[in-house]
Amino acid sequence: MLGTKLEETRVVRDAIDEGAMRHAQSFVLRLLSRKFEVVPDRVLAQINTLTIEQLDSLGESLLDFASIDDLTAWLKGY
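The working numbering puts the first residue of the sequence shown at 197, with every later residue one more than the last.
1) Could you tell me the alpha carbon to alpha carbon distance between G215 and I248, rounded to whole angstroms?
2) What are the complete beta strand (DSSP E) segments, minimum 3 residues, inside the segment 222-247?
3) Check this for me: beta carbons of W270 and L251, under 8 Å apart or not?
4) Residue range of the alpha helix (DSSP H) that D260 falls in?
5) Contact between the segment 229-242 and the segment 206-215 is defined here as three or more beta-carbon pairs at a separation below 8 Å; is this criterion met?
Printed below as a string of structure tokens:
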């Protein structure tokens, strides 16, 4: 560990990754709430299991969703 930059430690990388994941989840959930007002709990639970890459993809895809049914169909693909 001596001579290792703080940014390179596993603990710091894990904390950064966790923060990025929480931010992505929060952002996608805010967008969905604005688009659909009410998002069912079962859908929220599914969204909370997505990876950060999947959340990024969902964030882009949700612009094309017309209904919650579009969202649930998208989630079935993951």
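The C-beta atom is built at its ideal place from N, Cα and C for all residues, glycine as well. Bear in mind that the values here come from a model prediction, so they are computed numbers and not experimental data.
Based on what the coordinates show:
1) The alpha-carbon separation between G215 and I248 amounts to approximately 11 Å.
2) The qualifying runs do not exist here; there are none.
3) No, these two residues do not count as a Cβ contact at 8 Å.
4) Annotation: D260 is outside any alpha helix (DSSP H) and is labelled neither H nor E by DSSP.
5) Taking a cut-off of 8 Å on C-beta distances, the segment 229-242 does not touch the segment 206-215, as fewer than three cross pairs fall below it.
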